[in-house]
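Colleague: Right, I'll just put the structure down here and ask away after.
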Amino acid sequence: MSQATRCQLVTPRARSDIKKPITEINMVPMSLIQPAVRSYIVYSSILALKVLGMSVLTGIVRHKKKVFANEEDAKPTRGVVKYDDPDVERVRRAHLNDLENIPAFWLLGALYLTTEPSAALATLLFRVYAAGRIAHTLVYAVKPLPQPARGIAYGIPYLINLFMGVKIVFHYISAL
Amino acid sequence: MSQATRCQLVTPRARSDIKKPITEINMVPMSLIQPAVRSYIVYSSILALKVLGMSVLTGIVRHKKKVFANEEDAKPTRGVVKYDDPDVERVRRAHLNDLENIPAFWLLGALYLTTEPSAALATLLFRVYAAGRIAHTLVYAVKPLPQPARGIAYGIPYLINLFMGVKIVFHYISAL
Amino acid sequence: MSQATRCQLVTPRARSDIKKPITEINMVPMSLIQPAVRSYIVYSSILALKVLGMSVLTGIVRHKKKVFANEEDAKPTRGVVKYDDPDVERVRRAHLNDLENIPAFWLLGALYLTTEPSAALATLLFRVYAAGRIAHTLVYAVKPLPQPARGIAYGIPYLINLFMGVKIVFHYISAL
Chain Z
403 MSQATRCQLV TPRARSDIKK PITEINMVPM SLIQPAVRSY IVYSSILALK
453 VLGMSVLTGI VRHKKKVFAN EEDAKPTRGV VKYDDPDVER VRRAHLNDLE
503 NIPAFWLLGA LYLTTEPSAA LATLLFRVYA AGRIAHTLVY AVKPLPQPAR
553 GIAYGIPYLI NLFMGVKIVF HYISAL
Chain L
403 MSQATRCQLV TPRARSDIKK PITEINMVPM SLIQPAVRSY IVYSSILALK
453 VLGMSVLTGI VRHKKKVFAN EEDAKPTRGV VKYDDPDVER VRRAHLNDLE
503 NIPAFWLLGA LYLTTEPSAA LATLLFRVYA AGRIAHTLVY AVKPLPQPAR
553 GIAYGIPYLI NLFMGVKIVF HYISAL
Chain F
403 MSQATRCQLV TPRARSDIKK PITEINMVPM SLIQPAVRSY IVYSSILALK
453 VLGMSVLTGI VRHKKKVFAN EEDAKPTRGV VKYDDPDVER VRRAHLNDLE
503 NIPAFWLLGA LYLTTEPSAA LATLLFRVYA AGRIAHTLVY AVKPLPQPAR
553 GIAYGIPYLI NLFMGVKIVF HYISAL
């Protein structure tokens with residue numbers, strides 16, 4: 403694979419550079435013009451907006467069903483304080499599931515870029531990850547579908563996170 | 403706006419650089435002396451300390467009311483295991499609300515710096531975000547106030563996250 | 403302490419550089435060959451894999467006890483929908499505790515590297531943090547032990563996060 407299709411990072415030119423004082427090493431910073439880096443940035447941000455959207459979705463369901471978590475929220479609309487409304491709880495579980503998976507992607511995606519992946523593979527993984535997580539929200543919280551819809555939408559991004567995590571750990575295993 | 407007031411990043415000098423081998427591109431690394439970068443670092447860290455503080459706050463309320471989540475925690479103080487104490491649950495909701503919003507800020511704030519924002523605006527957004535989230539904790543969990551106190555303290559940081567997210571996505575839209 | 407044992411970053415060579423146009427400053431990018439940076443990468447990724455593992459652990463306990471959170475999950479195995487199974491809830495609390503602490507580490511660890519810590523100290527902190535959080539999961543969710551086992555496994559990583567956060571804030575205090 404040619405140099406142009408791999409993610410360049412702040413790496414020394416040669417192994418022998420490791421012993422040189424750091425100021426003498428010729429380094430190449432990870433560039434924002436690189437497709438894989440730009441891909442990470444755009445899909446990470448889309449996922450952040452998606453996570454933020456869950457709060458709006460929870461708010462919509464809460465107001466539709468007049469079910470709230472705090473006295474001061476229930477009062478103005480004469481709603482009730484309740485913690486077991488199935489529709490509200492379903493959206494909240496989808497939201498929590500995001501928190502269990504997406505911040506891990508933000509970290510692993512960024513660090514994966516430092517392992518010199520092929521740009522085509524990295525871009526593909528980020529794209530599929532984002533699509534999978536959006537599909538997960540749709541089949542879990544927006545329009546609940548029978549399994550294995552949610553299992554697939556959950557599993558594919560999960561495996562991508564796992565793959566990137568294992569790749570990073572092996573790449574930096576000497577730093578353990 | 404002059405160059406000095408915008409966040410410089412590892413960007414090529416000219417569009418024509420994109421086709422050059424990466425080692426020949428003249429790049430400018432994002433610098434830790436830039437005010438907007440330093441602002442991001444300090445406010446992100448303050449928010450991390452704030453999130454960590456929620457655990458202490460939960461612990462204080464749990465011990466005051468002798469209400470715990472685990473048998474092994476309740477035993478030494480002769481407390482009870484209970485999951486519906488209103489004061490404990492209020493602090494826990496504030497904590498969860500942090501987890502739904504602050505990690506997204508950590509990501510979006512950092513990526514927003516790569517979109518060449520004005521340093522003054524970026525610094526203002528980070529400062530208001532942090533102040534809003536601290537106010538949110540105060541009016542939600544420390545001294546509950548009637549609405550719209552919490553709504554405002556929640557909404558302003560939320561809109562800042564949204565603004566940064568949309569700005570980043572449009573900036574990198576070609577990487578979709 | 404010699405330069406080689408401290409984390410070098412994109413810092414200007416001299417204070418007087420601050421007023422120079424940014425393109426003229428001689429900068430040194432944070433390098434992936436530095437031990438502390440590599441240590442951060444490997445331990446952050448291990449912790450991300452650990453967080454992802456909590457979902458598998460929850461799934462195992464759910465299937466063993468046939469207790470699920472959604473109708474569509476309970477149906478295929480003739481399980482029940484239940485939200486108060488003590489074993490499932492214990493794993494879920496351990497998982498949530500991860501979300502309250504580990505993303506803060508991902509942020510603080512990275513920013514801590516920009517405060518020119520000694521490489522030996524930074525590496526030690528990352529290593530102990532990761533070990534502590536893994537021990538926390540073991541004594542909380544895998545094989546519950548009486549206190550203070552969990553308190554210690556929780557407290558040491560917590561103090562490391564706190565130390566790094568305070569160090570960062572003081573280092574960048576002028577950016578407030």
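Chains as they are written, first to last, in my numbering: chain Z, 403 to 578; chain L, 403 to 578; chain F, 403 to 578. Here a beta-carbon is modelled for each residue, glycine too, at the ideal position from N, C-alpha and C.
Taking just the CA atoms, how far does L:Leu564 sit from L:Lys466?
Modeller: Working through the second sequence from its first residue, we reach residue 466 of chain L at position 64. Working through the second sequence from its first residue, we reach residue 564 of chain L at position 162. Roughly 38 Å separates the two Cα atoms.
Colleague: Do you know offhand how far Z:Asp487's Cα is from F:Pro550's?
Modeller: Here the question's residue 487 of chain Z lines up with position 85 in the first sequence. Here the question's residue 550 of chain F lines up with position 148 in the third sequence. Z:Asp487 and F:Pro550: Cα-Cα distance of roughly 37 Å.
Colleague: Hey, is the region 447–456 of chain F in contact with the region 499–513 of chain Z, meaning 3+ C-beta pairs nearer than 8 Å?
Modeller: Cβ pair count under 8 Å is three or more, so yes.
Colleague: Quick check on this structure: which residue in F:Glu518, F:Ser457 and F:Leu523 has the alpha carbon closest to the alpha carbon of Z:Glu502?
Modeller: Stepping through the first sequence from its first residue, residue 502 of chain Z is reached at position 100. Nearest C-alpha to Z:Glu502: F:Ser457.
Colleague: For Z:Ile570, go through chain F and note every residue whose CB falls closer than 8 Å to its CB, in chain order.
Modeller: Here the question's residue 570 of chain Z lines up with position 168 in the first sequence. Result: Ile443, Val444 and Ser447.
Colleague: In chain Z, what lies closer than 7 Å to F:Arg440 by C-beta?
Modeller: For this step, residue 440 of chain F is matched to residue 38 along the third sequence. What F:Arg440 touches in chain Z: Tyr574 and Ala577.
Colleague: Looking only at its chain, what residues have a beta carbon closer than 7 Å to the beta carbon of F:Ile558, apart from the 5 residues adjacent to it on each side?
Modeller: Locating residue 558 of chain F in the third sequence gives position 156, where the first residue counts as 1. Taken in chain order, the residues that qualify are Val530 and Gly534.
Colleague: Would you list the residues sitting across from Z:Val469 in a DSSP beta bridge?
Modeller: Start at 1 with the first residue of the first sequence, and residue 469 of chain Z comes out as number 67. Z:Val469 is bridged to Z:Val482.
Colleague: What do you get for L:Val482, buried or exposed, if any count of 16 or more other CB atoms within 10 angstroms of its CB means buried?
Modeller: For the purposes of this step, residue 482 of chain L is identified with residue 80 of the second sequence, where counting begins at 1. Looking at its Cβ environment, which holds fewer than 16 other Cβ atoms inside 10 Å, L:Val482 is exposed.
Colleague: State the Cα-Cα distance for the pair F:Asp475 and L:Arg464, rounded to the nearest angstrom.
Modeller: Residue mapping note: residue 475 of chain F aligns to position 73 of the third sequence, counting from 1. Residue mapping note: residue 464 of chain L aligns to position 62 of the second sequence, counting from 1. Looking at the two C-alpha atoms, the distance is approximately 34 Å.
Colleague: So, for Z:Ala496: in the same chain, excluding its five sequence neighbours on each side, which residues have a beta-carbon less than 7 Å away from its beta-carbon?
Modeller: Within the first sequence, residue 496 of chain Z is the residue found at index 94, counting from 1. Result list for Z:Ala496: Met456, Thr539, Tyr542 and Ala543, in chain order.
Colleague: As a quick exercise: from F:Asp500, F:Ala577, F:Lys545 and F:Ile435, pick the residue whose alpha carbon is nearest that of F:Ala532.
Modeller: Against the third sequence, residue 532 of chain F aligns to sequence position 130. Looking at the Cα atoms, F:Asp500 is the closest of the given residues.
Colleague: Does the CB of F:Val530 have a neighbour CB from chain Z at under 7 Å?
Modeller: In the third sequence, the residue the question calls residue 530 of chain F occupies position 128. Taking Cβ atoms only, chain Z never reaches closer than 7 Å to F:Val530, which makes this a no.
Colleague: For L:Ser441, name the three-state secondary structure that DSSP assigns.
Modeller: Translated into positions along the second sequence, residue 441 of chain L becomes position 39. Of the three classes helix, strand and coil, the one that applies to L:Ser441 here is helix, per DSSP.
Colleague: Report yes or no: is there a C-beta of chain L within less than 7 Å of the C-beta of F:Thr516?
Modeller: Here residue 516 of chain F refers to the residue found at position 114 when the third sequence is read from its first residue. So, interface residue.
Colleague: Is the Cβ of F:Gln436 closer than 7 Å to any Cβ of chain L?
Modeller: As a working note, residue 436 of chain F is residue 34 in the third sequence. No, F:Gln436 lies away from the interface with chain L (no Cβ there is under 7 Å from its Cβ).
Colleague: Rank L:Asp489, L:Ile443, L:Leu515 and L:Ala471 by C-alpha distance to the C-alpha of L:Leu459 and give the top, closest one.
Modeller: Position 57 of the second sequence, counted from the start, is the residue given in the question as residue 459 of chain L. Of the listed residues, the one whose Cα sits closest to L:Leu459 is L:Asp489.
Colleague: In chain L, which residues lie with their C-beta within 8 Å of the C-beta of F:Ala506?
Modeller: Residue numbering aside, residue 506 of chain F sits at position 104 when the third sequence is read from its first letter. Going along chain L in sequence order, the residues near F:Ala506 (Cβ under 8 Å) are Ala450, Val453 and Leu454.
Colleague: Determine the direct distance from the alpha carbon of Z:Arg494 to that of F:Ala506, and round the result to whole angstroms.
Modeller: Taking the first residue of the third sequence as 1, we reach residue 506 of chain F at position 104. Taking the first residue of the first sequence as 1, we reach residue 494 of chain Z at position 92. The straight-line gap from Cα to Cα measures roughly 22 Å.
Colleague: For a quick check, are the C-beta atoms of L:Val439 and F:Leu578 less than 7 Å apart?
Modeller: For the purposes of this step, residue 439 of chain L is taken as the residue at position 37 of the second sequence. For the purposes of this step, residue 578 of chain F is taken as the residue at position 176 of the third sequence. No, Cβ-Cβ distance for L:Val439 and F:Leu578 is not below 7 Å.
Colleague: Would you kindly report the start and end of the unbroken alpha helix (DSSP H) that includes L:Val490?
Modeller: Taking the second sequence and counting its residues from 1, one reaches residue 490 of chain L at position 88. Start and end: Pro488 to Tyr514.
Colleague: When you check each C-beta in the region 477–508 of chain F against every C-beta of chain L, which residues fall closer than 7 Å?
Modeller: Flagged, chain order: Arg495, Leu501, Glu502, Pro505 and Ala506.
Colleague: Quick check on L:Ala521: buried or exposed, where buried means 16 or more other Cβ atoms within 10 Å of its Cβ?
Modeller: Translated into the one-based positions of the second sequence, residue 521 of chain L becomes position 119. By the neighbour-count rule (16 or more Cβ atoms within 10 Å), L:Ala521 is buried.
Colleague: Measure the C-alpha to C-alpha separation of L:Ser433 and L:Thr525 and round it to an integer number of angstroms.
Modeller: For the purposes of this step, residue 433 of chain L is identified with residue 31 of the second sequence, where counting begins at 1. For the purposes of this step, residue 525 of chain L is identified with residue 123 of the second sequence, where counting begins at 1. About 15 Å.
Colleague: Assuming L:Ser447 and F:Gly567 make a contact with CB atoms under 8 Å, what is their CB distance in whole Å?
Modeller: Taking the second sequence and counting its residues from 1, the one referred to as residue 447 of chain L is at position 45. Taking the third sequence and counting its residues from 1, the one referred to as residue 567 of chain F is at position 165. That belief holds up - the Cβ atoms of L:Ser447 and F:Gly567 are roughly 5 Å apart, short of 8 Å.
Colleague: Could you confirm whether any beta carbon from chain Z is found closer than 7 Å to the beta carbon of L:Gly511?
Modeller: The residue given as residue 511 of chain L occupies position 109 in the second sequence. So, not an interface residue.
Colleague: Could you check the C-alpha separation between F:Tyr485 and F:Gly461 for me, to the nearest Å?
Modeller: Position 83 of the third sequence holds residue 485 of chain F. Position 59 of the third sequence holds residue 461 of chain F. Their Cα atoms are separated by approximately 14 Å.
Colleague: Report buried or exposed for F:Phe581, applying the criterion of at least 16 other Cβ atoms within 10 angstroms of its Cβ.
Modeller: No statement about residue 581 of chain F is possible, as the shown extent of chain F runs from 403 to 578 and does not include it.
Colleague: Would you mind telling me which residues of chain Z sit closer than 9 Å to L:Leu564, beta carbon to beta carbon, in chain order?
Modeller: Residue mapping note: residue 564 of chain L aligns to position 162 of the second sequence, counting from 1. Here the neighbours are Leu451 and Leu454.
Colleague: Tell me the rounded alpha-carbon separation between Z:Ile536 and L:Pro478.
Modeller: Translated into the one-based positions of the first sequence, residue 536 of chain Z becomes position 134. Translated into the one-based positions of the second sequence, residue 478 of chain L becomes position 76. About 45 Å.
Colleague: Using a Cβ cut-off of 7 Å (strictly closer), state whether F:Pro559 contacts chain L.
Modeller: Stepping through the third sequence from its first residue, residue 559 of chain F is reached at position 157. Not closer than 7 Å to any Cβ of chain L, the Cβ of F:Pro559 fails to qualify, so no.
Colleague: Kindly give me the distance between the Cβ atoms of Z:Ile562 and Z:Leu527, rounded to whole angstroms, as I take these residues to be in contact under 8 Å.
Modeller: Numbered from 1 along the first sequence, position 160 holds the residue referred to as residue 562 of chain Z. Numbered from 1 along the first sequence, position 125 holds the residue referred to as residue 527 of chain Z. Going by Cβ atoms, the distance from Z:Ile562 to Z:Leu527 rounds to 5 Å, so yes, they are a contact pair.
Colleague: Within the 7 Å Cβ cut-off, does L:Gly534 reach chain Z?
Modeller: Counting from 1 along the second sequence, the entry for residue 534 of chain L is found at position 132. So, not an interface residue.
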